[in-house]
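Counting in UniProt numbering, the sequence shown tops out at residue 491, every number present.
The beta carbon of each residue, even a glycine, is placed where N, CA and C say it ideally should be.
Input: a single structure, listed below in structure tokens.
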Amino acid sequence: MFFEPEALPEAVRYAAVAGVVREPGMPERPPAAPPLPAERVTVAFAGDATGAGELTWGQRMVWLSMLRWGWLNIGAPMPQPPGRTVADLADELRYMMSRFPSLRTRLRFDAEGRPSQELFADGEIAFEVYDADGDADPQKTARAVYEAYLATARDFVREWPLRVAAVRREGAVTHMVIVVCHLATDGVGVSVLFEETTARVAEPPRGMEQLELVRWQDSLAGRRQAAAGLRHIEAELRSVPPRPMPRSADRGERRHWAATLTTAALLPAMQAIARRTRADSSTILLTLYAIALGRRELLNPAVLRPLVNNRFRPGLRRVVSHVMQSGVCVLDVAGATVDEAMIRARGPVRLAYKHAYYDPEDELALIDRLAREQPGAPRWAGDTWAYVNDRRGETTRIAAMTPPDASAADTIPELLARTEFRLTEWRDKPIEPLYLSIDDPAEGIVFTLRGDSWYVTPADGEALLRDMESLAIAAMSDSAVPTAVLVHNGP
């Protein structure tokens, strides 16, 4: 995740003003107005590890992103099974805080505002309990509490990374609201947190906690890894000049939007392409995206920033910490067939995943150095590349590599009829001009595209996603389908 350095003065890169981090000049969103809590329950906890140290590379990436976009959180209001009590929730919260060091960590700031982290061995955390009796709807109450938690600024020095609430009706807990600061962990880490909490795993956590990770990243082996990652990024960025996306004609006040496209037709098409090209499903999706970006004359060649969760690395498989970082790959799909583009992309995508492990502050320095070498030229920034976060589970990734059923082509018209595009959100907070997430619910593949309408309008975004679907279906039974992306001549 990156931003234009000139839009973020050096003086605020590490600023923490009253515990609030938001984009310079951006008004703070007014908080929602939830009902008043019926009570607050204090939970004491105690863990093993303690200490202090720098941020990990993944945490630094998140911190720099928060300075650009505002505080980042993971969470949801979650329905609970019948019979749950406030005492059950208190017991779960005690287990979480005691087991996972990242939840017992707060930030410290030096005189220049640069953050570091401190891990505490024990402490107390409070959660709120809201009653939804009478005509009140527990789901709506939980949603209101969740939105209020998202809207309330974080105190990184005094507040734990976890915000929790319970909603109860007639004494029984119907919903739990949980919001985790992204500095503490990423989405995969949250899954591990809930799995181990549900199972009440007793053996010590596997893998490195964040301060161990900091020490490794500062070791000779860690520095070698970071240097290799930066060499790869530099080579990719030197292979093409930075070409900002063209600005759209839209200059409305509402800029930042999100939309989804749900498709069941894409999976059998991907299976057929994978069988011919031996490309994995992530490579197929990234290549389809690159072709669509080229066809729409947004990025050609496509410079993509895939988000990599890095848990294939030693000691990171089950960590509850933020280890996700973005790689870089340049996909030139012009003048080729779809199959040829897939085969071309296999190596660049693999290397992007391999090398997405480095110090993001070194990447900032690299961007500055490249800009100094070509004064007056466009610089690498959010409008010169597109982010992709493939969040699908392993089961879906494997299914996408399974040969399609012999009758799969016959089902495509019916599956296409179920494809649905929905504009889901207009938001005040900025994000990159294009940010694509990929998920795998039961009904198929869901693309969530976030965009800036000054570059890409919602209508443009819908066309982009439908291009990906139609390209895959056209190539399902025809290995000679052209990308129809023109070779880019000139700067």
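Same chain, Cβ closer than 8 Å to residue i, five either side skipped, listed in chain order
i, result
"G25", "Bear in mind that a pLDDT of 31 at G25, under 50, signals an unreliable position, so the number given afterwards is only what the model happens to contain. So no residue of the chain qualifies."
"N310", "G58, L316, V323, M324, Q325, A356, Y357"
Contact set for residue i: own chain, Cβ-Cβ below 7 Å, skip 5 residues either direction
i, result
"A409", "M476, S477"
"I284", "M270, I273, A274, M342"
"S98", "F45, A46, G47"
"P242", "P378, R379, W380, T384"
"I473", "A265, A269, I412"
"Q80", "V173, T174, H175, M176"
"E469", "T263, A265, L266, T419"
"A228", "H355"
"W454", "R247, S248, D250, R251, R255"
"G461", "A259, L449, G451"
Local conformation of residue i per DSSP, three classes
i, result
"W57", "helix"
"E28", "Low confidence applies to E28: its pLDDT is 42, below 50, so where it sits in the model is not reliable enough to give any reading."
"S477", "coil"
"S116", "strand"
"V319", "coil"
"T287", "helix"
"Y130", "strand"
"P375", "coil"
"A52", "strand"
"E23", "Unreliable placement is indicated for E23, whose pLDDT of 32 sits below 50; the coordinate value is still reported in the next sentence. Residue state, collapsed to three classes: coil."
"F421", "strand"
"L192", "The sequence given here places Val at residue 192; Leu does not occur at that position. The answer is helix: DSSP assigns V192 an H, G or I state."
"V333", "coil"
"T483", "coil"
"P9", "For P9, the predicted structure reports a pLDDT of 31, less than 50, and the residue's modelled location is therefore unreliable. A value from the coordinates is still provided. Three-state result, P9: coil."
"T457", "coil"
"A472", "helix"
"L370", "helix"
"M96", "helix"
"E39", "strand"
"R278", "coil"
"L237", "helix"
"L299", "coil"
"T85", "coil"
"T198", "helix"
"T262", "strand"
Beta-carbon proximity of residue i to residue j, cut-off 7 Å
i, j, result
"M245", "T287", "no"
"I291", "V333", "yes"
"P433", "D405", "no"
"T483", "V388", "no"
"G327", "A352", "yes"
"G51", "L119", "yes"
"F109", "P101", "no"
"I438", "R372", "no"
"M176", "A166", "yes"
"W63", "R154", "no"
"Y149", "V180", "no"
"P37", "V164", "no"
"S407", "R276", "no"
"P458", "A259", "yes"
"L261", "F421", "yes"
"L307", "L299", "no"
DSSP beta-bridge partners of residue i
i, result
"Q325", "V308"
"H175", "P79, V167"
"H256", "R427, D452"
"F45", "G123"
"A386", "L304"
"Y435", "Y387, R450"
"R68", "Partner(s): none; R68 has no beta bridge."
"residue 495", "Residue 495 cannot be examined here, being either before or after the span of the chain that is shown, 1 to 491."
"T152", "T152 is not bridged to any residue."
"T105", "L119"
Other residues of its chain near residue i: CB distance less than 6 Å, five sequence neighbours each side excluded
i, result
"T419", "T263"
"V192", "R318, V320"
"T105", "Q117, L119"
"R40", "A126, E128"
Near the ligand ZN: residue i beta-carbon under 6 Å from a heavy atom
i, result
"G207", "In the structure shown, the ligand ZN is absent, as is every other ligand, since no ligand is present at all."
Presumed contact (8 Å Cβ cut-off) between residue i and residue j, rounded CB distance
i, j, result
"Q210", "W57", "With 8 Å as the limit, Q210 and W57 do not qualify as a contact, their Cβ atoms being about 11 Å apart."
"T141", "A151", "In fact, because the Cβ distance is near 16 Å, the residues do not count as touching under 8 Å."
"V43", "A90", "5 Å"
"N73", "H182", "6 Å"
"D362", "A226", "6 Å"
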